[in-house]
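Going down the list, the protein sequences come from chains A and B.
Take the position in the first sequence, starting the count at 1, then add 24; the result is the number in this note's numbering.
Take the position in the second sequence, starting the count at 1, then add 24; the result is the number in this note's numbering.
Positions of the beta carbon are idealized from the N, C-alpha and C atoms, including for glycine.
2 protein chains.
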Amino acid sequence: MLVGSVEAGGTKFVCAIGDEDYRVKDSTKFPTTTPEETLDKVVKYFEKFNIDALSIASFGPLEIKKNSPKYGYITNTPKPHWSDTDFVGYIQRKLKIPIFWTTDVNGSAYGEYVMSTLTNEKINSLVYYTIGTGVGGGAIINGEFVGSAGHPEMGHVLLKRHPDDLDFEGICPFHKDCLEGLVSGPTFEARLHKNGKDVSLDDPVWDIMAYYIAQAAMQVSLILRPDKIVFGGGVANKSLLRKVRLELKTMINDYLPLPKLENYITLPAIKNNGSATLGNFALAVKLLRA
Amino acid sequence: MLVGSVEAGGTKFVCAIGDEDYRVKDSTKFPTTTPEETLDKVVKYFEKFNIDALSIASFGPLEIKKNSPKYGYITNTPKPHWSDTDFVGYIQRKLKIPIFWTTDVNGSAYGEYVMSTLTNEKINSLVYYTIGTGVGGGAIINGEFVGSAGHPEMGHVLLKRHPDDLDFEGICPFHKDCLEGLVSGPTFEARLHKNGKDVSLDDPVWDIMAYYIAQAAMQVSLILRPDKIVFGGGVANKSLLRKVRLELKTMINDYLPLPKLENYITLPAIKNNGSATLGNFALAVKLLRA
């Protein structure tokens with residue numbers, strides 16, 4: 025059995041071929057340009073292999089309701105050219121195989137969930153946040169994605185402001201100081217006028233970031249009671265997550281029994297940004313076995 | 025078929041007998057005193073009827089994990105005498121029937137969910153908040169309760185503070201200015217030195233309340249994408265929910281497609297605080313049919 029993975033990001037696409045044990049047999053990446061050009065590259069890549077099913081984890085927002093006439097579309101994205109793109113329909117007409125369709129963060133969440141079960145962690149639920157150019161989250165409970173009227177948009181929750189950050193307006197075009205507006209990668213530029221990779225790990229801005237990210241972890245802990253929360257994306261790092269654990273411990277104030285925080289708040293177990301690819305392989309295999 | 029419902033609150037217990045169509049055949053209520061006295065009254069009440077199953081929706085926190093040796097217990101509650109009470113074990117030893125066990129808000133959520141399906145609303149998921157002496161929430165997705173490592177504790181999320189409310193410290197003993205600490209019934213006493221029922225509906229405090237409650241609705245909308253959010257409890261009222269809808273619309277700023285707000289943010293469809301009783305009847309019937 026061969027399955028395909030498309031991780032469709034706003035900047036680049038990563039396509040890969042895997043087997044039923046989720047091993048990568050081949051992969052490629054290319055920049056995200058227009059839908060026509062980019063989706064044509066996707067089709068041409070997979071035509072070289074005889075895959076049985078494909079899973080697509082895409083930047084959004086997406087229509088994921090099966091009974092919608094727009095199922096399989098990228099809907100009203102701010103990304104130029106991509107609004108109202110029939111992603112799944114286009115690929116399916118060309119490749120004529122079963123396709124699973126979900127968000128990029130759901131794909132990563134599923135990859136991390138599968139990896140946890142493969143390594144014998146006893147978990148039934150997992151939340152995955154990406155903190156990068158944007159902020160988003162996906163959640164799985166008992167193997168199923170959370171989200172009934174649509175997929176989650178966990179990056180846009182409002183938060184209690186850090187006392188040393190009251191003057192920063194936030195950069196989300198929709199909500200200003202929501203989570204994304206306070207901790208996404210471009211906030212480094214907005215707060216400190218330099219790129220995030222040039223910000224020293226002992227800069228106090230990381231305490232502010234940790235305060236907000238811990239609140240996101242607290243919200244999702246109180247609402248979903250997950251077994252594990254994984255933080256990926258370019259902004260997440262070991263030092264930041266150490267601070268997030270400390271902030272979360274202080275904030276939650278022993279109100280809930282939480283798992284050991286080192287196991288509860290973690291970086292992705294799958295290295296080199298491979299979470300979504302593994303997730304896609306597993307989702308494509310699941311689709312074939314359904 | 026006859027089933028039983030226990031709605032176990034911190035102030036009073038409501039016990040009821042229902043049939044498979046969820047009609048109330050009999051009911052009683054009594055104050056919550058010590059566990060021994062109160063649970064004995066529960067047993068004595070149900071011994072008068074020949075019920076086939078019972079569902080208990082209790083104040084918490086509860087142990088709901090089936091594989092825990094403390095399953096069926098009220099755990100570390102601040103309520104005097106009730107910590108570490110083997111609620112389900114005690115009742116089961118006396119009545120020897122199948123018992124479903126969940127939180128008060130989950131019971132209410134289930135009642136409202138069942139009522140929505142009975143009235144042919146097309147919903148797959150629902151969140152129920154109570155805003156009363158405390159604040160809590162329960163959630164259902166596709167007929168199943170949300171909460172893997174434990175039940176939700178949605179009342180304790182942190183929030184962006186209202187600009188006219190920055191000096192109010194909040195009254196939650198664990199988190200000060202979490203949702204419960206900012207909008208539960210006793211906050212009227214703390215902010216205005218009078219009882220909530222004496223606060224006029226045009227007092228500006230309701231705008232502050234609505235601002236926080238709308239944030240809770242926004243969080244849960246972004247994280248769970250439910251089809252409906254119901255607000256019960258003594259503080260919830262029509263005028264407040266009108267304000268909550270307006271605040272939510274402003275805050276979310278068309279970022280998500282939401283259902284019509286009049287149908288999305290509502291008071292309980294079941295009148296006279298009957299949501300948990302109906303939910304319990306349905307859960308007990310479901311237990312028998314499982």
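Beta-carbon gap between residue i and residue j smaller than 8 Å
i: B:V129; j: B:G161; result: yes
i: A:S149; j: B:S172; result: yes
i: A:G194; j: A:G205; result: yes
i: A:V38; j: A:K53; result: yes
i: B:T35; j: B:T56; result: yes
i: B:E136; j: B:A308; result: no
i: B:V207; j: B:I155; result: yes
i: A:V151; j: A:P250; result: yes
i: A:D189; j: A:I247; result: no
i: B:A238; j: B:L272; result: yes
i: A:P210; j: A:T157; result: yes
i: B:F83; j: B:G28; result: no
i: B:L280; j: A:E145; result: no
i: A:F70; j: A:L119; result: yes
Other residues of its chain near residue i: CB distance less than 8 Å, five sequence neighbours each side excluded
i: A:I276; result: M242, S245, L282
i: A:L291; result: V254, F255, G256, A260, N261, K262, L265
i: B:I88; result: Y95, W125, T126, T127, G171, G174, H175
i: B:N74; result: L26
i: B:P102; result: P197
i: A:P187; result: none
i: B:Y46; result: V138, L302, F305, A306, V309
i: B:I289; result: A241, I253, F255, L265, V268, R269, L272
i: B:H199; result: H180, L182, G205
i: B:T143; result: A293
Same chain only: Cβ atoms within 7 Å of residue i, ignoring 5 sequence neighbours per side
i: B:L203; result: V159, G179, H180, V181, L183, Y236, A240
i: A:D110; result: G96, Y97
i: B:V223; result: F212, L216, V229
i: A:Q116; result: I123
i: A:W106; result: P59, I98
i: A:A234; result: L264, K267, V268, E271
i: B:L225; result: S263
i: A:A214; result: I195
i: A:Y114; result: L63
i: A:K315; result: Nothing can be reported for residue 315 of chain A, as the shown portion of chain A is limited to 25 through 314.
For residue j and residue i, believed in contact at Cβ under 8 Å, the rounded distance
i: A:I164; j: A:A133; result: 5 Å
Per DSSP, cross-strand counterpart(s) of residue i
i: B:S224; result: Paired residues: none, contrary to the question.
i: A:P55; result: A:K36
i: B:A77; result: B:V27
i: B:L128; result: Before going further, note that residue 128 of chain B is Asp rather than Leu in the sequence given. Note: B:D128 sits in no beta bridge, so no partner.
i: A:T290; result: A:V254
i: B:L66; result: Note that residue 66 of chain B corresponds to Val in the displayed sequence, not to Leu. The partner list for B:V66 (beta bridge, DSSP) is empty, contrary to what the question assumes.
i: B:F198; result: In DSSP, B:F198 forms no bridge with anything.
i: A:I164; result: A:L150, A:F169
i: B:L86; result: B:I98
i: A:D110; result: A:Y97
i: A:D188; result: Paired residue(s): none; A:D188 is not in a bridge.
i: B:G5; result: For residue 5 of chain B there is no data in the structure shown, the boundaries of chain B being 25 and 314.
i: A:V159; result: A:I155
i: A:I123; result: A:L78
i: A:L182; result: A:C202
Sequence-distant residues of its chain with Cβ nearer than 6 Å to residue i (five each side left out)
i: A:P122; result: A77, L311
i: A:S51; result: A40
i: B:D201; result: G194
i: A:S140; result: I147
i: A:G258; result: G156, G209
i: A:Y153; result: G161, F255
i: A:F169; result: N130
Would you check if the stretch 70-88 of chain A and the stretch 299-313 of chain A touch, i.e. whether three or more CB-CB distances between them fall below 8 Å? Between the stretch 299-313 of chain A and the stretch 70-88 of chain A there are three or more inter-stretch CB-CB distances shorter than 8 Å, so the stretches are counted as touching.
For the 8 Å Cβ check, are there 3 or more pairs between the stretch 34-53 of chain B and the stretch 50-66 of chain A? Too few Cβ pairs lie closer than 8 Å, so no.
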